[in-house]
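Since the structure comes first, as structure tokens, the remarks are kept for the end.
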Amino acid sequence: MSQPPCGHDDSDGAGSAGAGVADLDDAAEPSADAAEPGANGGERGTNAGEPDGRARIEFPPMGAGAGAADPVEAARVQHSASSSGRLDAGSLVGRYVIVRKLGAGGMGAVFAAYDPELDRKVAIKVLHPRPGRKEKQARRQARLLREAQAMAKLSHPNVVAVFDVGTLGDRVYVAMAYVEGKTLRDWLEAAPRTTEEILDVMVRAGRGLAAAHRQGFVHRDFKPDNVMVGDDGRAFVMDFGLVRADDAASPSVSASSEDLPPSVSISRGNTPLASNLTRVGAMLGTPAYMAPEQFEGRTADARSDQFAFCVTLWEALYGERPFAGRTVAEIGNNVLHGRITQPKRGRRVPGWLRRILERGLEVDPAHRFPDMDALLAAIGRGRARRKQVRIAAGLGAVLALAAGWQGYEKVAHARKVAACEAEGARIEEVWNDAAKARVRGGIEGTKVSYAAQIVERLVPVLDGVAQEIGEASTAACMARDVEARWSEEDARKAEWCLDGARANFAALVDALAEAAPELADVAVDVSADLQGAASACVDERLLPHAPPPPEGADPAALAAIRRQLTRAAVLTRARARDEALAAVDEALEAAEALGWPPLVAEARSLRGLVLRKQGKMDEAVEAFLQAYFEAAEAGAWGMAGETATRLGFALATRLRRPEDARAWAGHAKVAFKYAGVGEDDPRWADYLTVLGLVEDDLGDGDKAMETWTRALELRRRVLGPTHPSVGALLNNMATVHSRSGRNAEAAELYAQAYDVWLAAHGPEHPSVGLLLNNRSVVEQRLGRLDDAQRHLEEAKAIFEKAHGPDHPMLADVFVNLGSVFEAKGDYEAAARSYERALEIREKNFGPDHPDVGSALTNLGNAYAKMGDRSKARRLHERALAIMEKGYGPKSTMLAYPLTSLAEIALEEGRPEDAIALAERAANLREAGKIRPEAQAESRFALARALWEAPPGRGRDRARARAEAERARELLAASTAKVDEQRRAVEAWLAAHAPDRDVATP
565 MSQPPCGHDD
575 SDGAGSAGAG
585 VADLDDAAEP
595 SADAAEPGAN
605 GGERGTNAGE
615 PDGRARIEFP
625 PMGAGAGAAD
635 PVEAARVQHS
645 ASSSGRLDAG
655 SLVGRYVIVR
665 KLGAGGMGAV
675 FAAYDPELDR
685 KVAIKVLHPR
695 PGRKEKQARR
705 QARLLREAQA
715 MAKLSHPNVV
725 AVFDVGTLGD
735 RVYVAMAYVE
745 GKTLRDWLEA
755 APRTTEEILD
765 VMVRAGRGLA
775 AAHRQGFVHR
785 DFKPDNVMVG
795 DDGRAFVMDF
805 GLVRADDAAS
815 PSVSASSEDL
825 PPSVSISRGN
835 TPLASNLTRV
845 GAMLGTPAYM
855 APEQFEGRTA
865 DARSDQFAFC
875 VTLWEALYGE
885 RPFAGRTVAE
895 IGNNVLHGRI
905 TQPKRGRRVP
915 GWLRRILERG
925 LEVDPAHRFP
935 DMDALLAAIG
945 RGRARRKQVR
955 IAAGLGAVLA
965 LAAGWQGYEK
975 VAHARKVAAC
985 EAEGARIEEV
995 WNDAAKARVR
1005 GGIEGTKVSY
1015 AAQIVERLVP
1025 VLDGVAQEIG
1035 EASTAACMAR
1045 DVEARWSEED
1055 ARKAEWCLDG
1065 ARANFAALVD
1075 ALAEAAPELA
1085 DVAVDVSADL
1095 QGAASACVDE
1105 RLLPHAPPPP
1115 EGADPAALAA
1125 IRRQLTRAAV
1135 LTRARARDEA
1145 LAAVDEALEA
1155 AEALGWPPLV
1165 AEARSLRGLV
1175 LRKQGKMDEA
1185 VEAFLQAYFE
1195 AAEAGAWGMA
1205 GETATRLGFA
1215 LATRLRRPED
1225 ARAWAGHAKV
1235 AFKYAGVGED
1245 DPRWADYLTV
1255 LGLVEDDLGD
1265 GDKAMETWTR
1275 ALELRRRVLG
1285 PTHPSVGALL
1295 NNMATVHSRS
1305 GRNAEAAELY
1315 AQAYDVWLAA
1325 HGPEHPSVGL
1335 LLNNRSVVEQ
1345 RLGRLDDAQR
1355 HLEEAKAIFE
1365 KAHGPDHPML
1375 ADVFVNLGSV
1385 FEAKGDYEAA
1395 ARSYERALEI
1405 REKNFGPDHP
1415 DVGSALTNLG
1425 NAYAKMGDRS
1435 KARRLHERAL
1445 AIMEKGYGPK
1455 STMLAYPLTS
1465 LAEIALEEGR
1475 PEDAIALAER
1485 AANLREAGKI
1495 RPEAQAESRF
1505 ALARALWEAP
1515 PGRGRDRARA
1525 RAEAERAREL
1535 LAASTAKVDE
1545 QRRAVEAWLA
1555 AHAPDRDVAT
1565 P
């Protein structure tokens, strides 16, 4: 017999429709899903080799020319490289004279050489021969020659040019440009480099990669050792020794599988990370810089080079690579799961740049930038914004000089610039070493077991928000006082908005410094919520549409209201909702006294959110409606859009009014358009989330998933792939897939959400435990019982360490563990788990809570399977009474005890009683669009009851077969592991053919 969902939606209360979908405002509040099984349950590059990375070579004097025979003749007399195989100074490789060896790697050796025909320095790479049959060697040699010839066609200022290719006995050589300079790795180690210096070099290298991609080449081994930084500052991508032309663009350069060396397994823990792996179609490249698809042996493409570029740039900026690991196996596991290591404190990398890198490091290539050009364009836009202050200052100085201004004007201009920089530095009054110590102390003072993991992740997020506020404040000041390109009204709007951003940030810092354990849980999430807010204040697309700030208002009073609103929002996220309501009411009263409608609307909208989370739906809807119209009338269209989104969410998930929800989603879209909010704004993702909920509720699940995928891509692109809200949306999408029976899709999305929250919160955070619990449910349905049990044991350990042995979430884990034991046939162990879940729920919620009813049904199923039908019946009857009272008579939750009671009635010879029970369960499940295998369970019970009922007391064998056939159709549509359930239905149909029914009325 199937089991009821043990999870509850912590954001809004148990049992209401839509439970399981995390709130728009609660990125770290996934609900626990529940077990509902079926009826039963690298190589050094060119010029490398010197300690400082720069080759010190004595070449023959230039000017000898092609006709000067001395060097060449000397070489002919001294050496015959092709016969001896050894290349010493003076040896000939083709027409080139070897000067000295620079270095060697897995594929070959690199030499400094002299080209007497063109009187120039060159670098020669001679590839190692590979053992094997002559025919095989010949094919490999021919392939490498074709490859090198194709490379010679690639010409770009940021790619080391290939001049010539040829053979030397059984070896292939490549002659290329000689670069005076250092490898990127050595350049970075030679002196401290600023972020701008690093970006200058890496952008040039990126242009070289992009040019290669446009001609069909994939590098496959991009890394710091394969980038040269010339003495003139230019960057060159080199050592295309692993490059293969893209098959579609240059099929002649593809490799035959016969040419491939043995595969290298990533399970060997002693494999050096700097080694090269050179099998095409398996792993190709240097492990520390390889993309996930290369670790998996899949085809690498330009997006794989993009991944390696981002690893290299991350390492250059932070001084360490994003994926930790001492062995290939360790690093490969982290890469494949997207586990980015939090950088140590040091260089302050702009948040926009980190988000670009995180996107380029996505596990799924489809989630990276479309190509290198797009990535470089994003970096260019970010740098342009960052340089705004310096550019404006320089422009002002040039204009002043051009106009003949002297001394005083120059000093005045410099003072304005300095004042703007000081404006940006104001944020240091809020966020400084003392503030960091307060926050650290506040989180650690909660005594939660994972406090250190929270602090490790929280401080960099707050650093980024503070940096964003500072940069936006300076930019606004420059636009107003130096560039004079903003109207007075727009300048006031931006100033008001930034004052609000500072007040919000200060309030958050204060709250974190006095954190309760519940706030510690969501500290990273509420901090991440502030990302992008300050940048929006100076977004010139939004400023014209923003409402004008209040005239003559006391700035201190405004700041106090904003702080109170932030406090209320934080308390809401921390589930202190009574306290949150008191705080928001105080802020609303102060806003009404101030008399500025946009602020009143903001406070009232937040009040609606708090009320909704308290389950006071009528009051919440009233508050949302009033807030929306207040905002719209005041021209605060951004707030109107946010309020409409919140109302649409409530209508879709709490009140099950999809048509009304769709209308309010439309209002949100229009309001956002009036506000200038584009489709690259996180608020647009919120609108899409609500729209998807509506589409799903109206029966178009495929369209809903398309809509949610757009929202997901937007959040990843704008906020970064490890932003907590990305994990929340992935969890929501997985939950909907789960409840619709799309288990494989749900399992994949839960795994992705797990990786996001693992990176955002750390391995011991309860949200990670929740996702482990949710994953276990679909794993069980897919028959992966051992995986499900392992993940549940991990979740159990997390919850017990975080909250002790009696936390409600542990009850959900015990229910799901019981379901796994039941599926394995260990009914006694299942009963023990269910009894523990029942004990925890009664202790936390009291004996009449609906979740207690769910536990009773689970326990009843276990006793039924152990043969104690009497006890099982009593448990199910008590469960039905509790759940009907708590959920209401139309809840799909009632179908669980109803179906179980129908099965018991059949076993006890009471088919006429079973008919009413099973029919009610089947109708509830069909109306609720529950998973097909659950519907089939109730339909099959009804079929058997209709067949077995006595004549005149419910027997209807024609309908019985129709119900069984409907059950068979439902099982055929299921993606769960329902083999046993399907066999039972098929066997029953075979044994109850129509021609055997002689007594059908």
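Take the sequence shown: its letters are residues 565 to 1565, numbered as in my numbering.
Cβ coordinates follow ideal geometry from the N, Cα and C atoms, glycine included.
The structure presented is a predicted model; accordingly, all values stated were derived computationally and were not measured.
Note to self: If you follow the alpha helix (DSSP H) that Tyr-742 is in, where does it begin and where does it stop?
What the structure shows: The sequence position of residue 742 within the sequence shown is 178, counting from 1. Run containing Tyr-742: none; DSSP gives neither H nor E here.
Checklist line | Residues near Arg-771 in its chain [Cβ-Cβ closer than 6 Å; skip 5 each side] | finding: Position 207 of the sequence shown, counting from 1, holds the residue named residue 771. When the five nearest sequence neighbours on each side are left out, the beta carbons in the same chain lying within less than 6 Å of the beta carbon of Arg-771 are those of Asn-722, in order along the chain.
Margin query: According to DSSP, is Ala-1554 part of a helix, a strand, or is it coil?
Written below: Position 990 of the sequence shown, counted from the start, is the residue given in the question as residue 1554. Judged by DSSP in its simplified three-state form, Ala-1554 adopts helix.
Checklist line | Cβ-based burial, Lys-1011 [other Cβ within 10 Å; buried from 16] | finding: Counted from its first residue, the sequence shown places residue 1011 at position 447. In the assembly as shown, Lys-1011 is an exposed residue. Its beta-carbon has fewer than 16 other beta-carbons within 10 Å.
Next item on the list: Have a look at His-1325, Gly-1326 and Glu-1343 and flag the residue whose alpha-carbon is nearest the alpha-carbon of His-1301.
Entry: On the sequence shown, position 737 is the one that residue 1301 refers to. Shortest Cα-Cα distance from His-1301 to any of His-1325, Gly-1326 and Glu-1343 involves Glu-1343.
Check: So who's on the other strand from Ala-754, going by DSSP bridges?
Finding: As a first step, residue 754 is located in the sequence shown; it is residue number 190 there, counting from the start. Partner(s): none; Ala-754 has no beta bridge.
Note to self: Spatial neighbours of Leu-1553 within its chain, please: C-beta separation below 8 Å, excluding the five flanking residues on both sides.
What the structure shows: Locating residue 1553 in the sequence shown gives position 989, where the first residue counts as 1. The answer, listed in chain order, is Arg-1525, Ala-1528, Glu-1529 and Arg-1532.
Next item on the list: Have a look at Leu-1488 and Arg-1442 and give me their C-alpha separation to the nearest angstrom.
Entry: The residue labelled residue 1488 in the question sits at position 924 within the sequence shown. The residue labelled residue 1442 in the question sits at position 878 within the sequence shown. Inter-residue distance for Leu-1488 and Arg-1442 is about 19 Å (C-alpha atoms, whole angstroms).
Margin query: Taking the beta carbon of Pro-934 as the centre, do at least 16 other beta carbons fall within 10 Å, making it buried, or is it exposed?
Written below: Indexing the sequence shown from 1 puts residue 934 at position 370. Result: exposed.
Notebook entry, point to check: Whose C-beta lies closer than 6 Å to the C-beta of Ala-1098 among residues of the same chain, with five residues either side of it excluded?
Noted result: As a first step, residue 1098 is located in the sequence shown; it is residue number 534 there, counting from the start. These residues qualify, in order along the chain: Glu-1032, Ile-1033, Ala-1036 and Ala-1065.
Notebook entry, point to check: Between which two residues does the alpha helix (DSSP H) harbouring Val-1086 extend?
Noted result: Reading the sequence shown from its first residue, position 522 is the one you call residue 1086. First-last of the alpha helix (DSSP H) with Val-1086: 1081-1092.
Notebook entry, point to check: How would you write the range of the alpha helix (DSSP H) that Thr-1580 sits in, first residue to last?
Noted result: Summary: the structure shown does not reach residue 1580, with the chain confined to residues 565 through 1565, and so no result is reported for it.
Check: In or out: Phe-1069 buried (at least 16 other Cβ within 10 Å) or exposed?
Finding: Here residue 1069 corresponds to residue number 505 of the sequence shown, with the count starting at 1. Under this definition Phe-1069 is a buried residue.
Note to self: If contact is defined by three or more beta carbon pairs under 8 Å, each pair taking one atom from either stretch, is the segment 1319-1333 in contact with the segment 1075-1083?
What the structure shows: Output reads no: the segment 1319-1333 does not touch the segment 1075-1083.
Check: From Glu-1406 to Leu-921, what does the alpha carbon distance come to, in whole angstroms?
Finding: Indexing the sequence shown from 1 puts residue 1406 at position 842. Indexing the sequence shown from 1 puts residue 921 at position 357. Near 48 Å, if we compare the C-alpha coordinates of Leu-921 and Glu-1406.
Notebook entry, point to check: In this structure, does DSSP put Tyr-1014 in helix, strand or coil?
Noted result: What you label residue 1014 is simply residue 450 of the sequence shown in a count that begins at 1. The answer is coil: DSSP assigns Tyr-1014 none of H, G, I, E or B.
Check: According to the Cβ coordinates, are Leu-666 and Val-674 closer than 7 Å?
Finding: Taking the sequence shown and counting its residues from 1, the one referred to as residue 666 is at position 102. Taking the sequence shown and counting its residues from 1, the one referred to as residue 674 is at position 110. The Cβ-Cβ distance between Leu-666 and Val-674 falls below 7 Å.
Note to self: Please list the terminal residues of the continuous alpha helix (DSSP H) segment that includes Phe-1378.
What the structure shows: Here residue 1378 is taken as the residue at index 814 of the sequence shown, counted from 1. Its alpha helix (DSSP H) spans residues 1372-1387.
Checklist line | Residue environment, Ser-829, which counts as buried when at least 16 other CB atoms sit within 10 Å | finding: Counting from one through the sequence shown, the residue named residue 829 turns up at place 265. Note on Ser-829: pLDDT 28, under 50, position unreliable in the model; the coordinate value appears next. Counting every other CB atom within 10 Å of its CB across the protein chains shown gives Ser-829 a total below 16, marking it as exposed.
Check: For the beta strand (DSSP E) that Ala-687 lies in, which residues bound it at each end?
Finding: Along the sequence shown, one-based indexing puts residue 687 at 123. It spans 684-691 - the beta strand (DSSP E) in which Ala-687 sits, taken as one unbroken run.
Notebook entry, point to check: Using the beta-carbon count (16 or more within 10 Å), is Val-1549 buried or exposed?
Noted result: Along the sequence shown, read from residue 1 onward, the residue named residue 1549 stands at position 985. Result: buried.
Item checked: Segment contact flag, the segment 1501-1509 with the segment 1470-1485, C-beta cutoff 8 Å, min 3 pairs -> Yes, since at least three Cβ pairs between the segment 1501-1509 and the segment 1470-1485 fall closer than 8 Å, the two stretches touch.
Checklist line | Beta-carbon gap between Tyr-1192 and Ala-1204 smaller than 7 Å | finding: Position 628 of the sequence shown, counted from the start, is the residue given in the question as residue 1192. Position 640 of the sequence shown, counted from the start, is the residue given in the question as residue 1204. Cβ atoms of Tyr-1192 and Ala-1204: closer than 7 Å.
Check: In angstroms, rounded to a whole number, what distance separates the CA positions of Ser-1169 and Thr-1207?
Finding: The residue you call residue 1169 lines up with position 605 of the sequence shown. The residue you call residue 1207 lines up with position 643 of the sequence shown. Rounded to the nearest angstrom, the two C-alpha atoms are 6 Å apart.
Next item on the list: Please state if the CB of Leu-1346 and the CB of Lys-1388 are separated by a distance shorter than 7 Å.
Entry: Locating residue 1388 in the sequence shown gives position 824, counting from the first residue. Locating residue 1346 in the sequence shown gives position 782, counting from the first residue. Contact flag unset, no.
Next item on the list: Please determine if the segment 759-777 and the segment 875-891 are in contact, where contact requires at least 3 C-beta pairs separated by less than 8 Å.
Entry: Judged by Cβ distances under 8 Å, the segment 759-777 makes contact with the segment 875-891, as three or more pairs qualify.
Margin query: For the pair the segment 1304-1322 and the segment 1120-1130, tell me if three or more CB-CB distances fall below 8 Å.
Written below: These segments do not touch.
Notebook entry, point to check: If we ignore side chains and look at the alpha-carbon of each, how far apart do Asp-1224 and Gly-1096 end up?
Noted result: Along the sequence shown, one-based indexing puts residue 1224 at 660. Along the sequence shown, one-based indexing puts residue 1096 at 532. Approximately 31 Å, taken between the alpha carbons.
Notebook entry, point to check: If you count every other CB in all the chains shown that lies within 10 Å of the CB of Arg-1547, and 16 or more means buried, which is it?
Noted result: As a position in the sequence shown, residue 1547 is number 983, starting the count at 1. In the assembly as shown, Arg-1547 is an exposed residue. Its beta-carbon has fewer than 16 other beta-carbons within 10 Å.
Checklist line | Segment contact flag, the segment 880-897 with the segment 984-997, C-beta cutoff 8 Å, min 3 pairs | finding: Too few Cβ pairs lie closer than 8 Å, so no.
Margin query: To the nearest angstrom, how far is the alpha carbon of Thr-1286 from that of Arg-1280?
Written below: Within the sequence shown, residue 1286 is the residue found at index 722, counting from 1. Within the sequence shown, residue 1280 is the residue found at index 716, counting from 1. Between Thr-1286 and Arg-1280, the C-alpha separation is close to 8 Å.
Note to self: Please classify Ala-774 as buried or exposed, where buried requires at least 16 neighbouring CB atoms within 10 angstroms.
What the structure shows: Translated into the one-based positions of the sequence shown, residue 774 becomes position 210. Classification of Ala-774: buried, given that the 10 Å Cβ count is 16 or more.
Notebook entry, point to check: Considering only residues of the same chain and omitting the five flanking positions on each side of Ala-1557, which have a CB-CB separation below 8 Å?
Noted result: Here residue 1557 refers to the residue found at position 993 of the sequence shown. No residues qualify anywhere along the chain.
Notebook entry, point to check: Does the beta carbon of Gly-1005 sit closer than 7 Å to a beta carbon anywhere in chain C?
Noted result: Of the protein chains in the structure, only one exists, and it is not chain C.
Notebook entry, point to check: Any idea if Ala-989 is buried or exposed, counting beta-carbon neighbours within 10 angstroms, 16 or more meaning buried?
Noted result: For this step, residue 989 is matched to residue 425 along the sequence shown. Around the beta-carbon of Ala-989, fewer than 16 other beta-carbon atoms lie within 10 Å, marking it exposed.
Item checked: Meets three-Cβ-pair contact criterion under 8 Å: the segment 720-737 and the segment 787-806 -> Contact between the segment 720-737 and the segment 787-806 is present, with at least three C-beta pairs closer than 8 Å.
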